[in-house]
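Protein chains: 2
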Amino acid sequence: MIQAPRGTRDFPPDEMAYRRWAEGIMRRNAELFGYGEVSTPTFESLELFTLKSGPGIIDEIYAFKDKGGRDLALRPELTAPVMRMVVNSMRSAPKPIKLFYLGNCFRYDRPQSGRYREFFQFGVEVVGADTPAADAEIIALAIKNIKDLGLEDFRVKVGHIGAIRGALNVIEELPKEKHTEILQALDKERYEEVEEILVKYCGENDASVKVKVLEHVISITDIDELEKQDATTADHLKEVLKHLSHYGFEQYCTIDMSVVRGLDYYTGMVFEIEAPALGAEKQICGGGAYSLIKLLGGGDIPSTGFAIGFDRVLLALEKEGKRPGIGRKGLYILRAGSVPYEDMVGLAARLRLSGIPVDFPLSDRSLSKGMKYASSLKYPYVAIMGEEEWEGGKITLRDMATGEQETLSVEELIDRFV
Amino acid sequence: MIQAPRGTRDFPPDEMAYRRWAEGIMRRNAELFGYGEVSTPTFESLELFTLKSGPGIIDEIYAFKDKGGRDLALRPELTAPVMRMVVNSMRSAPKPIKLFYLGNCFRYDRPQSGRYREFFQFGVEVVGADTPAADAEIIALAIKNIKDLGLEDFRVKVGHIGAIRGALNVIEELPKEKHTEILQALDKERYEEVEEILVKYCGENDASVKVKVLEHVISITDIDELEKQDATTADHLKEVLKHLSHYGFEQYCTIDMSVVRGLDYYTGMVFEIEAPALGAEKQICGGGAYSLIKLLGGGDIPSTGFAIGFDRVLLALEKEGKRPGIGRKGLYILRAGSVPYEDMVGLAARLRLSGIPVDFPLSDRSLSKGMKYASSLKYPYVAIMGEEEWEGGKITLRDMATGEQETLSVEELIDRFV
Numbered sequence: 025m026i027q028a029p030r031g032t033r034d035f036p037p038d039e040m041a042y043r044r045w046a047e048g049i050m051r052r053n054a055e056l057f058g059y060g061e062v063s064t065p066t067f068e069s070l071e072l073f074t075l076k077s078g079p080g081i082i083d084e085i086y087a088f089k090d091k092g093g094r095d096l097a098l099r100p101e102l103t104a105p106v107m108r109m110v111v112n113s114m115r116s117a118p119k120p121i122k123l124f125y126l127g128n129c130f131r132y133d134r135p136q137s138g139r140y141r142e143f144f145q146f147g148v149e150v151v152g153a154d155t156p157a158a159d160a161e162i163i164a165l166a167i168k169n170i171k172d173l174g175l176e177d178f179r180v181k182v183g184h185i186g187a188i189r190g191a192l193n194v195i196e197e198l199p200k201e202k203h204t205e206i207l208q209a210l211d212k213e214r215y216e217e218v219e220e221i222l223v224k225y226c227g228e229n230d231a232s233v234k235v236k237v238l239e240h241v242i243s244i245t246d247i248d249e250l251e252k253q254d255a256t257t258a259d260h261l262k263e264v265l266k267h268l269s270h271y272g273f274e275q276y277c278t279i280d281m282s283v284v285r286g287l288d289y290y291t292g293m294v295f296e297i298e299a300p301a302l303g304a305e306k307q308i309c310g311g312g313a314y315s316l317i318k319l320l321g322g323g324d325i326p327s328t329g330f331a332i333g334f335d336r337v338l339l340a341l342e343k344e345g346k347r348p349g350i351g352r353k354g355l356y357i358l359r360a361g362s363v364p365y366e367d368m369v370g371l372a373a374r375l376r377l378s379g380i381p382v383d384f385p386l387s388d389r390s391l392s393k394g395m396k397y398a399s400s401l402k403y404p405y406v407a408i409m410g411e412e413e414w415e416g417g418k419i420t421l422r423d424m425a426t427g428e429q430e431t432l433s434v435e436e437l438i439d440r441f442v
Numbered sequence: 025m026i027q028a029p030r031g032t033r034d035f036p037p038d039e040m041a042y043r044r045w046a047e048g049i050m051r052r053n054a055e056l057f058g059y060g061e062v063s064t065p066t067f068e069s070l071e072l073f074t075l076k077s078g079p080g081i082i083d084e085i086y087a088f089k090d091k092g093g094r095d096l097a098l099r100p101e102l103t104a105p106v107m108r109m110v111v112n113s114m115r116s117a118p119k120p121i122k123l124f125y126l127g128n129c130f131r132y133d134r135p136q137s138g139r140y141r142e143f144f145q146f147g148v149e150v151v152g153a154d155t156p157a158a159d160a161e162i163i164a165l166a167i168k169n170i171k172d173l174g175l176e177d178f179r180v181k182v183g184h185i186g187a188i189r190g191a192l193n194v195i196e197e198l199p200k201e202k203h204t205e206i207l208q209a210l211d212k213e214r215y216e217e218v219e220e221i222l223v224k225y226c227g228e229n230d231a232s233v234k235v236k237v238l239e240h241v242i243s244i245t246d247i248d249e250l251e252k253q254d255a256t257t258a259d260h261l262k263e264v265l266k267h268l269s270h271y272g273f274e275q276y277c278t279i280d281m282s283v284v285r286g287l288d289y290y291t292g293m294v295f296e297i298e299a300p301a302l303g304a305e306k307q308i309c310g311g312g313a314y315s316l317i318k319l320l321g322g323g324d325i326p327s328t329g330f331a332i333g334f335d336r337v338l339l340a341l342e343k344e345g346k347r348p349g350i351g352r353k354g355l356y357i358l359r360a361g362s363v364p365y366e367d368m369v370g371l372a373a374r375l376r377l378s379g380i381p382v383d384f385p386l387s388d389r390s391l392s393k394g395m396k397y398a399s400s401l402k403y404p405y406v407a408i409m410g411e412e413e414w415e416g417g418k419i420t421l422r423d424m425a426t427g428e429q430e431t432l433s434v435e436e437l438i439d440r441f442v
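Heads up: the protein sequence lines correspond to chains F and Z, in order. Taken in order, the first sequence gives residues 25 to 442; the numbers are from the working numbering. Taken in order, the second sequence gives residues 25 to 442; the numbers are from the working numbering.
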C-alpha cells in the first residue's frame, strides 16, 4: 500500500476544518492591519535560496533539476520568494507595501514532533518601512494572531541586532565578513566558536575579554542596561513598546538581546515568540527588520516581517488543550420507506439552493442506517420525512444533541436554518 | 534578476483577493452539498501516479529523487492522492465518504494561455456511491460553482462509458486489455488508430464495420437513440437528469456519448463542462464514476467525482468580462501635523481591536502624500484627525468615491464600520 512520503501529512476533514479556522483568524487579522495577501510558486530557482542563505542550504532543502536542466528547489521559506516577487513586479508600488501569505514550505529535515518535511507558514512583510511603528505593528499582529487562536502561555522576546553589531564594529581587527559567522555562533550560544574566530584575528588574550563583552551584550534583558550599552537601540525599542501598549500587548514582551537570529540580512529589531508547552521546539514565530531586496537586485529598501510556524502554533494549542471542536453544520435528510426517493432529492436541492448545508443518502438506505450515518458524521440535526407528515408537506426535525423533535413545514425549516 | 520559474505565477494582492473570492464560493458550495475538505502532500511517491496513469506520465510530470533516493513526484492531479489517503486512513469511515479539495498541481507542460506548470484544481470525490443520485449531485455541484462565479456561457456534456464498453465487449476477438487503447484513441478522435487495432485482431473487412459501430455509439447525443443502443445506460442517465431538474440544472446538460475520458478507471457516467470563450482549451471541468481504490490496495469501492480547472474557470470569467472588482475594505487614517503621531497609533489600535480594517502611515508623512497613498491603494474611506476636531475627540471621515466628508466621534466611527 502506497503511503504519504515520510515527513508529510494527509489532513482529513476534521483536521482541515481546524486548520481553516486558524487560517481564517490569521487572514482576518492581517486584513485588519491593512495587509494584502500574496502567493508565489511552490518551487523557485535554487539560486534564490542560496543567494539568501548561502550554499549550505542545499543540504537542507528539496533541490532538483527540471526536464530543461534548470536548478529548482521547493521553497524552504517564503520571505525570499515574496521579496523576489516585489522586485520583479511591485517595484513601483507605493511604499510601504504590506503583504501577507499563508503557504507550505519544504525542508529535508529529520521528521519529529512539530517538524515536518512539508510544513506551513503564515507571515507578513512590510516593504519600505522599519520604523518603530512598523516594528510594533508586526509584533502586534503576531501577538493578536496567537491570542485570538486561544494560546495562553507564550512569551515575546524583543531584541535588536544593532547592539551586538555595534559591539562587533568596535573590534577593528575583525573583518566585517566574519560578523555573520559570529552572529550565527552567538545565536546558537556556541561561545567557544566565537572565541576561536576572535583568537584568529585579535590574538589570545584579547579574545576572551571580547567574548565576555559580546556575552554581556546578548545577556541584556533590561531597557536601562541597554540604554548604557546603546542609547539609539534602546530608544527604538522603547518606542516599539510604547506603540504596543495601545494594543495592551506590551505585557507579553520582554527585552532580550539574546535574540540574534543568525542570518546576515537582519538589520534592526528582531523578535521571537515562544510557547513553553512545546518544550525544546518552542519557537512559534520569528521576525524582525531586514534588508533582502538589495541582494535580489532591487534598491536598498528597509523591510520588516515575521513568520509564524503554523503547525507549531496548532500543536501548542493542542498541548494546552485549546483546540476547538469545529462541528459540522446543517442537517441530514432521511425519509420513511414509502416517501418517494425523488421527494428527498427535491427537498435537498431546495434547501441547498437556499444556502443550507444538507446531505441525504445517495442510495436507498433504511431509516435506522441513515440515523447511524448522520450521527457518526456528527450532523447536529436530522430532518425526517415521515409518511403522514410529508403528505401534509411537513418534516420532523430532530436535534441530535438533545433528541428533541419538532414538526415543521419546509418554509419553517428554511427560515430556521438560513 | 531572478524570475519566477517558467510556467509559474506570482499572485499579487488584487489577484489573490479574486482567487480567494472564487475559492470561497466553491468551498461554501461543497459544504452546502455535505462535502468535507481534505488536503494531501504536495509531493507523493512517483509510483502512485504511474500506477494510476501508466509510466508514460513520467514524461509529463516533475519527478525527482529525494536525498534518501526515494522516487517522488509533484502531484499532477489530486484524485490519486485523495484516494491514497482514503485507503491509508479512512477505510473504516462510514460510506459514502464525501470529500472536496482545492489544491495546486504540477505538469511539465509547454506553458500557454490557461496552461501553467503549477495550476490549481477544485475537486470532489464521493467514495462508496455511483448511483444516479451521486452522479447527479456532483454534476449539480460543478454547475452551481460555475454559475455562482458568474460564468454565463458554458455547456455540460453528460456521457456514460457503459455504452461504448458494451460495444467493445461485443467484439469477442478483441482482448480486454486493448479496450483502454481504443478508448484513448476514441477520446482523441483518432479513428485510424482504432481501425489499426481492430484490423490486427479481427481482420481487414470486419474492422471497418466495427469502427463504424463504435463511431456510431460515440456519436449518440439523444437519449432515445441511446435507449436503442443500451437501455440500462439510458435509464441511468435519465435518472441523473431527473435529479438535476430539482436544481433547474438539466437545461445546461446534453447527452453526449463522445465523452469518453480516455482513462481506464472510468466505469460509468462521465461528464465534461466546456466554456466556449476559451477556444481550443475550452474544457473547464471533467469527471465521472470511477474505480481507483482497488488499484491502490483497497476494496472494489465505486466512486464518482470531478475536478474543475480553477485557473481556466477564472480565465473564462475574465474572457466574459465577469471578473468582479474586489475592493479593499476599511479605512486609512491620517493626521494633521500637530496631532501627535502616537494618537494616530492609538486610534488605529482601537479600531483594529474593534474589528475594523485600518491602516495609517508607518512613518511621518504629509497629509497630501498620505491621501495619495490611500487613494492608490483604493481605500474606500480616509479618516482625518484634524487638529481642532481631534482636540474635541472627533475625526473627519472622507468617502473617497464621492468626496463627501462628515465629522464623527470615535464611537460613531466604530459603530459605522463594525
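All C-beta atoms, glycine included, are put in the ideal place defined by N, C-alpha and C. On a predicted model such as this, the values are computed, not experimentally measured, just so you know.
In three-state DSSP terms, what is residue i?
{"i": "Z:Phe-35", "result": "strand"}
{"i": "Z:Gln-145", "result": "strand"}
{"i": "Z:Gln-307", "result": "strand"}
{"i": "F:Ile-244", "result": "coil"}
{"i": "Z:Asp-383", "result": "strand"}
{"i": "Z:Gly-190", "result": "helix"}
{"i": "Z:Arg-376", "result": "helix"}
{"i": "Z:Arg-359", "result": "strand"}
{"i": "Z:Val-337", "result": "helix"}
{"i": "F:Met-395", "result": "helix"}
{"i": "F:Ser-400", "result": "helix"}
{"i": "F:Phe-441", "result": "helix"}
{"i": "Z:Glu-197", "result": "coil"}
{"i": "Z:Ile-49", "result": "helix"}
{"i": "Z:Ser-77", "result": "helix"}
Within 10 angstroms of its Cβ, does residue i collect 16 or more other Cβ (buried), or is it exposed?
{"i": "F:Thr-399", "result": "What sits at residue 399 of chain F in the sequence shown is Ser, not Thr. Burial call: exposed."}
{"i": "Z:Gly-92", "result": "exposed"}
{"i": "F:Gln-429", "result": "exposed"}
{"i": "F:Asp-280", "result": "buried"}
{"i": "F:Met-368", "result": "buried"}
{"i": "F:Pro-120", "result": "buried"}
Which residues in chain F sit within 9 Å of residue i, going by Cβ to Cβ distance?
{"i": "Z:Phe-35", "result": "Glu-61, Val-62, Ser-63, Thr-64, Met-109"}
Under 7 Å between beta-carbons, which chain Z residues line up against residue i? List them in chain order, please.
{"i": "F:Tyr-314", "result": "The premise fails here: F:Tyr-314 is roughly 15 Å from chain Z at the closest Cβ pair, so nothing lies under 7 Å."}
Given that residue i touches chain F, what residues does it touch there, using C-beta distances under 8 Å?
{"i": "Z:His-260", "result": "Those within 8 Å of Z:His-260 in chain F number zero; the least Cβ separation is about 13 Å."}
{"i": "Z:Gly-379", "result": "Leu-56"}
{"i": "Z:Val-369", "result": "Ala-157, Ala-160, His-267, His-270"}
{"i": "Z:Pro-255", "result": "First, the residue type needs correcting, since residue 255 of chain Z is Ala and not Pro in the sequence shown. Per Cβ cutoff of 8 Å: no residues; Z:Ala-255 is ~20 Å from chain F at best."}
Based on the DSSP secondary-structure assignment, which residues constitute the bridge partners of residue i?
{"i": "Z:Phe-273", "result": "In DSSP, Z:Phe-273 forms no bridge with anything."}
{"i": "Z:Arg-422", "result": "Z:Val-406, Z:Gln-429"}
{"i": "F:Lys-89", "result": "F:Asp-95"}
{"i": "Z:Ala-313", "result": "Z:Thr-328"}
{"i": "F:Tyr-290", "result": "F:Tyr-314"}
{"i": "Z:Thr-278", "result": "Z:Lys-181"}
{"i": "F:Glu-298", "result": "F:Arg-179, F:Gln-307"}
{"i": "F:Ser-69", "result": "F:Leu-96"}
Whose Cβ in chain Z lies nearer than 8 Å to the Cβ of residue i?
{"i": "F:Asp-383", "result": "Phe-57, Gly-58, Lys-122"}
{"i": "F:Val-150", "result": "Leu-386"}
{"i": "F:Pro-118", "result": "Lys-396, Tyr-397, Ser-400, Leu-401"}
{"i": "F:Glu-142", "result": "Pro-65, Thr-66, Phe-67"}
{"i": "F:Ser-113", "result": "Asp-34, Pro-36"}
Run through chain Z and tell me which residues come within less than 9 Å of residue i, C-beta to C-beta.
{"i": "F:Glu-68", "result": "Ile-26, Ala-28, Pro-29, Thr-32"}
{"i": "F:Glu-71", "result": "Ile-26"}
Cβ of residue i versus every heavy atom of the ligand COA: is any distance shorter than 7 Å?
{"i": "F:Glu-436", "result": "In the structure on display, the ligand COA does not appear, and there are no ligands present to speak of."}
Give the interface partners of residue i over in chain F, defined as CB-CB distance under 7 Å, in chain order.
{"i": "Z:Gly-321", "result": "Met-25"}
field: Segments assigned beta strand (DSSP E), at least 3 residues, entirely inside the stretch 101-185 of chain Z
entry: 121-130, 142-151, 179-184
### Task
At 4 residues or longer, and completely inside the stretch 213-266 of chain Z: list those alpha helix (DSSP H) runs for me, N to C.
215-226, 228-243, 247-253
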